[in-house]
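The structure appears below as structure tokens.
There are 2 protein chains.
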Amino acid sequence: MTINQLLQKLDPNLPLLEGTFGIERESLRIQKNTSKLATSPHPKALGARSYHPYIQTDFSESQLELITPVTRSPKEALRWLGAITDVAERTLTGEYLWPLSMPPKVTDEEIAIAQLEDSFERHYRDYLASTYGKTLQTMSGIHVNMALSATVIQALFEASDYEDKTKFQNDLYLKIAQNFLRYRWLLTYLYGASPIAERGFLKEDLAHPVRSIRSSQLGYVNHEDIVISYASLDDYITSLETAVATKQLIAEKEHYSAVRLRGQKACRGYLEQPISYLELRCFDLNPFTPLGITQETMDSVHLFFLALLWLDDVENVDTAIARANALNNTIALSHPLEALPSAAPTSDILDAMESVLKHFHLPDHYKGLLEAIKEQVADPSLTLSGQLLAHISDQSLEAFGQKEGQAHHDYAWHAFYALKDFENMELSTQMLMFDAIQKGVQIEILDEEDQFLRLSYKGHIELVKNGNMTSKDNYVVPLAMANKVVTKKLLQEHGFPTPAGREFSDKASAKAYYHHIKKKAIVVKPKSTNFGLGISIFKEGASLEAYQKALDIAFSEDSSVLVEDYVAGTEYRFFILDGKCLAVLLRVAANVVGDGKHTIRELIDLKNQNPLRGRDHRSPLEIIELGEIEQLMLTQQGYSLDSVLEAGVKVDLRRNSNISTGGDSIDVTESMDDSYKQLASQMASTLGAWVCGVDLIIPDMTKKASKEDPHCTCIELNFNPSMYMHTYCQEGPGQVITLKILEGLFPEIRQQ
Amino acid sequence: MTINQLLQKLDPNLPLLEGTFGIERESLRIQKNTSKLATSPHPKALGARSYHPYIQTDFSESQLELITPVTRSPKEALRWLGAITDVAERTLTGEYLWPLSMPPKVTDEEIAIAQLEDSFERHYRDYLASTYGKTLQTMSGIHVNMALSATVIQALFEASDYEDKTKFQNDLYLKIAQNFLRYRWLLTYLYGASPIAERGFLKEDLAHPVRSIRSSQLGYVNHEDIVISYASLDDYITSLETAVATKQLIAEKEHYSAVRLRGQKACRGYLEQPISYLELRCFDLNPFTPLGITQETMDSVHLFFLALLWLDDVENVDTAIARANALNNTIALSHPLEALPSAAPTSDILDAMESVLKHFHLPDHYKGLLEAIKEQVADPSLTLSGQLLAHISDQSLEAFGQKEGQAHHDYAWHAFYALKDFENMELSTQMLMFDAIQKGVQIEILDEEDQFLRLSYKGHIELVKNGNMTSKDNYVVPLAMANKVVTKKLLQEHGFPTPAGREFSDKASAKAYYHHIKKKAIVVKPKSTNFGLGISIFKEGASLEAYQKALDIAFSEDSSVLVEDYVAGTEYRFFILDGKCLAVLLRVAANVVGDGKHTIRELIDLKNQNPLRGRDHRSPLEIIELGEIEQLMLTQQGYSLDSVLEAGVKVDLRRNSNISTGGDSIDVTESMDDSYKQLASQMASTLGAWVCGVDLIIPDMTKKASKEDPHCTCIELNFNPSMYMHTYCQEGPGQVITLKILEGLFPEIRQQ
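Chains as they are written, first to last, in numbering that gives the first Met the number 0: chain A, 0 to 751; chain B, 0 to 751.
Below, the structure is given as structure tokens:
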């Protein structure tokens with residue numbers, strides 16, 4: 000039975016590119032403004048390492064390992080790597096991630112072995128240190144996990160003469176692994192990026208820069224006596240188990256190979272459950288990109304991976320692999336500008352890639368990738384190591400590493416409020432995802448457009464929609480808060496202050512209500528309007544005629560009209576979680592302040608240049624629009640867009656103070672009196688709300704509030720209150736909210 | 000200090016008609032098709048009497064007392080009385096409510112004293128039986144509770160020279176009470192409706208029919224030695240407390256007066272907290288209306304009540320009342336056709352009513368009521384007792400009472416699925432309210448349009464929206480069920496069968512998916528469409544060309560397109576509550592079956608005459624419309640509205656089987672195999688749903704379902720599933736749902 004020529008038999012319409020993909024990336028933590036290894040322990044903010052699915056420690060305490068979840072495409076894997084890298088960089092304090100595979104100058108004493116909880120893991124690392132030396136372990140790289148889709152495997156199986164699916168799948172992946180080892184020199188040529196070691200790293204200095212120290216015999220390799228056979232799965236298992244039994248290896252995982260069979264804990268397991276994916280371990284960090292690997296590389300490797308299956312089977316596998324290993328070492332230790340040796344069967348692998356492309360009508364993108372590879376083969380200076388040459392200074396890449404690493408770090412802090420590569424989602428959801436990644440709570444996006452997440456931590460699962468719609472609230476409470484009439488009734492009954500008023504669906508009843516309000520400051524408004532249309536305010540009370548006219552106006556906008564007490568004062572938003580007030584925000588209507596020089600139009604443009612301002616809730620503040628409403632506001636105040644405002648003159652562009660219409664956010668959590676926070680918390684608790692945004696109008700903040708003497712009025716409760724606006728404010732320090740939500744959902748992640 | 004002439008001073012725009020109103024109605028339970036007192040105990044279905052706020056037992060076990068909540072208008076009070084009466088009538092088995100104040104022929108032995116839990120209440124009833132006789136206690140009537148609004152009281156207080164508000168309010172209500180006693184003879188004249196007693200009830204037969212035995216000295220009155228003074232509150236308290244202290248009365252409540260001061264348990268309490276309303280106790284049951292009292296009577300009494308305040312204060316109150324009592328007795332015992340005695344100060348009270356009308360510009364409705372009263376004063380035959388004369392047969396009203404009572408009972412069973420006077424609300428909410436009234440769970444409608452209820456039972460409060468959106472579900476579960484993509488993902492992960500498929504937002508990806516579905520029966524459909532537009536079904540699998548065309552069609556309707564496995568079989572709705580399947584429904588698309596005579600248009604008309612069919616979810620089934628979709632369906636099948644269908648030929652008028660578009664409901668709960676019910680329950684439980692409607696497609700009901708071998712596919716979970724359609728079905732017995740919801744919310748009301 001053979002796997003040969005199976006891919007060739009498949010229907011060209013088969014979705015060949017589908018599969019599963021994951022990335023693991025190691026990187027050293029380096030002290031800011033230096034190229035010195037960090038001496039700090041693994042950041043506490045990253046939660047418990049014993050479980051963390053995204054951010055782990057590798058060999059040394061200062062070596063982070065970033066791990067993506069299993070994804071459905073190379074693009075998605077990179078997206079998660081982007082987010083996890085973003086979290087890692089922004090969690091570091093006074094440190095950044097080293098962008099190169101080779102460490103900066105480092106001595107054994109500077110390297111602290113990772114102090115993991117698991118005693119075997121500590122023992123294993125001690126053993127590695129004594130066997131290979133600690134400095135060797137500081138080399139970092141990227142591992143890429145790849146699997147074919149079940150559909151493709153099934154189609155291949157059906158095209159084969161196998162009867163046993165498990166055996167078939169093992170042979171399928173074993174063939175790819177064999178060919179990977181036979182052709183990985185091409186990857187070393189293209190993506191090798193460890194051309195030099197800093198002085199003292201190698202026992203003997205290299206005569207010249209090379210392509211990849213890490214992928215050569217100077218890198219992280221087993222003793223040459225240890226030979227694991229890839230001829231068949233049986234041979235593989237036998238040779239690997241023998242090496243462990245004879246103590247040549249401390250464990251199977253000490254077998255360092257450029258490719259690893261994956262899916263089971265021990266290799267013998269594959270006899271029961273087949274290999275489910277391959278781990279490709281030969282990638283140096285690409286220092287030119289914050290992620291250490293690009294989309295082009297991922298997709299090229301994907302095409303390469305598929306071509307390995309297109310290639311014919313080879314006889315004498317182990318001999319072929321040994322020859323290929325030698326070729327790889329030669330290429331790894333060649334000068335970056337040296338051409339590929341003529342012995343390298345370059346056209347075999349490139350032709351196979353081309354054939355896959357053509358047979359399956361792959362998109363032009365992959366054609367372009369193959370062209371680029373051919374150009375790199377023709378011109379070594381285009382390879383990664385070729386490009387790195389120019390950055391070697393005084394036989395060192397430390398200065399370059401520091402510059403690039405800090406630039407990557409700065410990139411993470413650009414638009415710091417967002418989660419990289421998930422900027423299309425709502426900002427509050429991005430922030431919650433940031434916290435989840437940081438604390439090691441697993442995220443699955445159930446519906447991206449709907450902001451629907453599933454979070455899990457050690458089997459504890461919580462669904463979250465729009466950042467704070469969770470299982471912690473019962474269904475009917477948010478429904479009650481969504482209904483203004485119901486909310487008001489419940490608050491009133493419990494003795495909380497709300498504006499007195501009534502809803503009317505006919506003019507006669509509304510008119511008859513006049514006696515109740517004739518001496519009061521009132522607002523007459525259509526029940527549902529957002530733009531201030533049809534609203535009349537009588538701060539001194541209304542005459543019957545004026546009241547009737549106001550009713551006419553309001554009823555012309557809506558069939559239901561509210562007549563409410565006018566409440567003077569300033570509106571504040573209190574964010575309540577689980578009975579505690581986490582933040583208080585003052586929102587100010589969109590406005591500009593003159594400088595005596597610029598027109599209003601220019602002032603708006605200037606204000607909109609604030610990096611906190613964006614669109615569609617993807618930024619903490621919104622762009623101020625120049626719509627009808629804004630222009631009407633200006634006209635009503637006697638201005639036009641071309642008016643030049645005198646210095647210090649403030650002009651409102653909106654009546655409403657919503658952040659979503661360009662308002663300013665001012666965090667007043669610290670200056671707000673506790674009595675108001677307590678009252679707002681009580682309101683939320685009275686309704687039974689876990690999460691609640693309480694809008695209070697406070698005429699005089701200097702007076703203390705109490706239930707008996709509230710000195711404030713509640714005008715609205717919000718069941719899905721915005722969170723980001725409390726954290727990233729136009730003014731004020733900002734408050735942490737989403738992390739509190741996460742800790743509320745998962746009390747077990749709270750730090751002791 | 001005086002209350003005199005205060006109303007006259009008020010602003011005519013004052014909302015004088017506002018206030019609070021309640022009704023209590025007594026009625027005997029009578030055995031069906033007889034006029035014999037029921038011998039059954041108080042119906043068990045009515046829950047616990049010790050707490051019931053709506054339906055109590057009066058003196059005897061067979062005497063129901065129906066009690067409305069405190070309402071904001073006479074109209075609202077009658078609305079609640081309508082609903083409570085509806086529940087009472089529909090709870091009776093083989094019985095109906097006696098429509099007259101005077102009982103049918105009854106002996107002492109037939110009257111069982113109510114077996115209440117409270118020992119004082121039992122003792123009190125035994126005392127009444129021995130003091131007044133049991134038969135006297137079977138007389139039933141209506142008490143009306145009325146209070147002025149706080150606004151009106153405040154305005155009156157401000158117009159007065161009082162300084163103490165409590166004292167003012169006591170004097171205010173005392174004045175109304177005094178004048179009520181002075182003028183209640185008018186009410187006796189107008190609304191007296193106990194003209195005769197059945198033989199044996201009175202010690203001596205009456206010489207002729209009268210107006211009101213119940214309101215005369217022959218009715219339910221204290222011993223003539225007991226005189227309670229209304230001259231002042233102090234006098235009232237002193238005389239009443241003395242009567243109790245000297246054992247003339249067993250308790251204050253044994254004081255039978257046509258008006259009672261209310262608000263405190265004991266009369267001395269008014270010195271601290273004022274009288275808050277008056278209980279007007281003099282109304283005979285009006286047998287011509289199911290409620291025992293009409294809107295016109297309520298509103299007339301309301302105007303009368305306000306006129307009592309308009310009238311001047313009187314000196315020598317007790318003398319005046321004694322004189323008025325004598326006048327009332329004369330009028331009560333007069334022949335119904337006899338004119339009012341000239342001694343009656345008729346014009347005083349009518350003029351006062353007219354003055355109130357005019358001063359406050361009351362709506363024309365009240366003017367009409369006063370006109371009607373004047374007509375009745377002029378023509379005694381128009382009064383209630385006058386109208387009853389014609390129904391007296393052989394000196395008995397038993398035959399009339401039986402006829403009217405059974406008609407009222409039948410009226411309750413007309414449109415039996417609805418709750419009388421709340422038909423504007425959603426049917427499921429009406430049904431839940433029926434259950435709540437029956438079981439004594441207090442209802443408050445927080446937002447009628449929004450179907451938002453607050454239910455409470457002994458301090459335990461639950462909010463309910465749309466019949467089954469409650470605190471028992473957590474917030475995120477219904478949100479997950481509302482999202483089809485999320486629901487499907489969660490069900491699939493837990494191993495439940497859902498149609499395989501994918502959502503696409505671009506044609507290229509959708510096309511690339513072809514390989515996955517090319518041999519399968521599939522449906523290609525726009526993500527959101529309700530009318531079958533843009534849907535292509537390939538039961539035998541699609542060619543690539545046909546698939547692409549289907550995509551073109553679907554994408555022309557929506558930017559998102561679903562490609563799903565086509566699932567053949569019949570769709571059933573499983574109603575799941577708290578992990579148990581309560582009902583299974585088969586819904587069949589709107590259709591008609593021919594009879595060889597009628598056109599399709601006529602067949603639809605005939606089918607629509609079913610009383611179960613109505614509109615807007617206010618009936619168990621919907622009217623079949625003759626819209627575009629129905630006509631298109633007919634055209635596609637080669638019919639027109641004028642086609643005459645052969646006998647037995649069934650023609651569908653819709654593709655979809657929703658009840659809301661005229662579909663038929665068939666209850667198959669009993670015939671559905673338990674294995675499917677269990678599977679559906681497991682699906683709901685997996686998502687954590689308390690209430691859930693599970694839609695399963697089952698190709699062959701004879702096969703047993705299991706999780707491993709489901710033999711069915713879940714196509715949707717519904718988070719606010721319709722309830723009424725399971726209870727009132729086109730075919731099948733129907734299942735109780737809303738009561739189970741109520742018992743789930745209030746386990747304490749479940750019967751042992």
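For every residue, glycine included, the Cβ atom is placed at its ideal position computed from N, Cα and C. Remember, predicted model here, so these are calculated numbers, not experimental data.
Excluding sequence positions up to five away, which residues of its chain have a Cβ less than 7 Å from the Cβ of residue i?
i: Met352 of chain B; result: Leu302, Phe303, Ala306, Leu369
Just to confirm the assignment, what range does the alpha helix (DSSP H) spanning residue i have?
i: Leu173 of chain A; result: 164–190
i: Ala411 of chain A; result: 397–412
i: Phe303 of chain B; result: 294–309
i: Val566 of chain B; result: Careful: Val566 of chain B lies outside any alpha helix (DSSP H) and carries neither H nor E.
i: Ser354 of chain A; result: 345–358
Starting from residue i, trace the beta strand (DSSP E) in both directions and tell me its first and last residue.
i: Phe574 of chain A; result: 569–576
i: Leu232 of chain A; result: No beta strand (DSSP E) holds Leu232 of chain A; the alpha helix (DSSP H) holding it covers 232–244.
i: Glu502 of chain B; result: 500–503
Compare the C-beta of residue i against all C-beta atoms of chain B and say whether one is closer than 8 Å.
i: Leu99 of chain A; result: no
i: Leu445 of chain A; result: yes
i: Asn482 of chain A; result: yes
i: Phe451 of chain A; result: yes
For residue i and chain A, any beta-carbon pair shorter than 8 Å?
i: Lys488 of chain B; result: yes
i: Val562 of chain B; result: no
i: Asp557 of chain B; result: no
i: Val591 of chain B; result: no
i: Val485 of chain B; result: yes
Kindly list, in the order they appear in chain A, the residues whose Cβ is closer than 8 Å to that of residue i.
i: His515 of chain B; result: Pro14, Thr150
i: Lys419 of chain B; result: By Cβ distance, chain A contributes nothing, its closest Cβ being about 23 Å from Lys419 of chain B, past 8 Å.
Using C-beta distances below 6 Å, list every residue in its chain close to residue i, excluding the 5 sequence neighbours before and after it, in chain order.
i: Leu310 of chain B; result: Asn178, Ala351
i: Ala411 of chain A; result: Asp85, Glu88, Arg89
i: Ser148 of chain B; result: Glu17, Gly18
Residues of chain A with CB under 7 Å from residue i, in chain order?
i: Met468 of chain B; result: Tyr474, Val475, Leu478
i: Leu462 of chain B; result: Val475, Ala479
Which chain A residues are close to residue i, counting only those with a beta carbon under 9 Å from its beta carbon?
i: Asn717 of chain B; result: Near Asn717 of chain B there are no residues of chain A at all, since even the closest Cβ is about 14 Å away, more than 9 Å.
i: Phe58 of chain B; result: Going along chain A, no residue has its Cβ under 9 Å from Phe58 of chain B, so there is no contact; the nearest lies around 36 Å.
Does residue i come out as helix, strand or coil in the three-state DSSP assignment?
i: Leu579 of chain B; result: Before going on, a small fix: residue 579 of chain B reads as Lys here, not Leu. Reduced to three states, the DSSP call for Lys579 of chain B is strand.
i: Cys266 of chain B; result: helix
i: Arg261 of chain B; result: strand
i: His514 of chain A; result: helix
i: Leu445 of chain B; result: strand
i: His142 of chain B; result: strand
Apart from the five residues on each side of it in sequence, which residues of its chain come closer than 8 Å, Cβ to Cβ, to residue i?
i: Asp117 of chain A; result: Ser49
Against residue i, what residues of chain B qualify as contacts under a CB-to-CB distance less than 7 Å, listed in chain order?
i: Ala511 of chain A; result: Pro14
Starting from the beta carbon of residue i, find every residue of chain B whose beta carbon is closer than 8 Å, and list them in chain order.
i: Asp10 of chain A; result: His514
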